[in-house]
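Counting from 128, one number per residue, gives the positions in the sequence shown under my numbering.
Cβ coordinates follow ideal geometry from the N, Cα and C atoms, glycine included.
Working notes, structure below.
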Amino acid sequence: MIVRLKIAFLIVFVVSSCDQKAERVEEQILDKSVGKKIVHAPSKEGNMICDTLDIQPFDNISESQISYVFKQLCKIHPHVNLLKAIPLPKRAYYIPRHRYRADTLIAFLRDLTKKGHVTIGLTNKDISTENGIYKDWGVMGLGFQPGKACVVSTFRLSKNNLNDQYFKVVIHELGHTQGLPHCADLKCYMRDAKGKNNTESETGFCEKCKSFLIDRKWKLD
Numbered sequence: 128m129i130v131r132l133k134i135a136f137l138i139v140f141v142v143s144s145c146d147q148k149a150e151r152v153e154e155q156i157l158d159k160s161v162g163k164k165i166v167h168a169p170s171k172e173g174n175m176i177c178d179t180l181d182i183q184p185f186d187n188i189s190e191s192q193i194s195y196v197f198k199q200l201c202k203i204h205p206h207v208n209l210l211k212a213i214p215l216p217k218r219a220y221y222i223p224r225h226r227y228r229a230d231t232l233i234a235f236l237r238d239l240t241k242k243g244h245v246t247i248g249l250t251n252k253d254i255s256t257e258n259g260i261y262k263d264w265g266v267m268g269l270g271f272q273p274g275k276a277c278v279v280s281t282f283r284l285s286k287n288n289l290n291d292q293y294f295k296v297v298i299h300e301l302g303h304t305q306g307l308p309h310c311a312d313l314k315c316y317m318r319d320a321k322g323k324n325n326t327e328s329e330t331g332f333c334e335k336c337k338s339f340l341i342d343r344k345w346k347l348d
């Protein structure tokens with residue numbers, strides 16, 4: 128669902144960066160301390176602004192999942208930074224359902240995001256947001272379209288091919304931050320989940336969505 132707004136690898140968590148030359152929230156529905164970067168990746172190529180992607184893990188998420196997302200994003204985007212893990216903000220915790228509000232997490236991440244950057248929050252905790260008549264609806268991921276931040280959780284994904292599923296949800300939410308809407312192509316990363324985990328049937332971006340992102344300097348040959 129989309130509503131537009133106006134307004135170490137030692138993952139000891141050593142910060143990493145890959146730099147290669149070359150608005151209400153969307154959701155996939157299913158039931159201040161910040162790490163310092165060692166390298167500041169540039170956010171422009173020529174006259175075309177190319178957002179830097181900052182991966183912001185929250186505490187307790189698997190190192191293998193963080194590593195996988197980082198490596199995969201480095202293959203398709205010229206500027207990716209991996210930040211040190213930080214605690215989930217207490218204000219995002221929704222006591223009645225014992226989970227975290229994704230919209231509050233996005234607001235938290237957005238406040239930390241520099242100009243020309245987009246932040247992807249990674250967590251293994253259950254996250255939720257408001258959805259129509261439901262005040263607290265569980266989701267796999269949430270992101271603005273367009274926006275400065277998104278958050279993705281492993282909690283509602285199956286154990287089979289978990290890392291691959293997780294990356295597909297990450298790339299879906301990032302697509303929204305870049306301005307992509309849902310796509311009618313059922314094999315496209317940007318398809319609408321419609322309450323289900325459809326990641327196994329997603330094979331890549333369709334040509335239309337791919338062209339949109341290539342114009343924004345994504346490497347999707």
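For residue i, the first and last residue of its enclosing alpha helix (DSSP H)
i: residue 195; result: 190-203
i: residue 230; result: 229-239
i: residue 292; result: 289-304
i: residue 335; result: 334-341
Supposed close pair residue i, residue j - CB separation, criterion 8 Å
i: residue 239; j: residue 204; result: The Cβ separation is near 19 Å, so there is no contact.
i: residue 307; j: residue 278; result: Wrong, their Cβ atoms sit about 17 Å apart, outside the cutoff.
i: residue 301; j: residue 247; result: 6 Å
i: residue 216; j: residue 235; result: 5 Å
i: residue 283; j: residue 324; result: 7 Å
i: residue 188; j: residue 251; result: 5 Å
i: residue 145; j: residue 196; result: Not quite, the Cβ-Cβ distance comes to about 12 Å (not below 8 Å), so this is no contact.
i: residue 328; j: residue 314; result: 6 Å
Span separating the alpha-carbon of residue i from that of residue j
i: residue 157; j: residue 249; result: At residue 157, the pLDDT of 47 sits below 50, so the modelled position is not reliable and the matter cannot be decided from this model.
i: residue 150; j: residue 209; result: For residue 150, the predicted structure reports a pLDDT of 41, less than 50, and the residue's modelled location is therefore unreliable. A value from the coordinates is still provided. Approximately 26 Å between the Cα atoms of the pair.
i: residue 286; j: residue 305; result: 29 Å
i: residue 295; j: residue 194; result: 14 Å
i: residue 289; j: residue 343; result: 28 Å
i: residue 269; j: residue 317; result: 13 Å
i: residue 230; j: residue 259; result: 14 Å
i: residue 161; j: residue 271; result: Unreliable placement is indicated for residue 161, whose pLDDT of 34 sits below 50; no coordinate value is reported for it.
i: residue 274; j: residue 303; result: 7 Å
i: residue 226; j: residue 199; result: 28 Å
i: residue 330; j: residue 291; result: 11 Å
i: residue 266; j: residue 256; result: 7 Å
i: residue 213; j: residue 182; result: 11 Å
i: residue 337; j: residue 348; result: 9 Å
i: residue 186; j: residue 237; result: 18 Å
i: residue 228; j: residue 334; result: 34 Å
i: residue 191; j: residue 245; result: 22 Å
i: residue 221; j: residue 261; result: 14 Å
i: residue 332; j: residue 242; result: 27 Å
i: residue 184; j: residue 211; result: 7 Å
i: residue 339; j: residue 263; result: 33 Å
i: residue 219; j: residue 341; result: 34 Å
i: residue 280; j: residue 320; result: 15 Å
Bridge partner(s) assigned by DSSP for residue i
i: residue 319; result: According to DSSP, residue 319 bridges with nothing at all.
i: residue 276; result: 246
i: residue 330; result: Bridge partners of residue 330: none, in fact.
i: residue 226; result: 221
Residue i: CB within 7 Å of a non-hydrogen atom of the ligand HEM
i: residue 264; result: Absence of the ligand HEM from the depicted structure is noted, as is the absence of any ligand whatsoever, leaving it without description.
N-terminal and C-terminal residue of the beta strand (DSSP E) that residue i is part of
i: residue 262; result: 261-270
i: residue 181; result: 179-184
i: residue 255; result: 254-258
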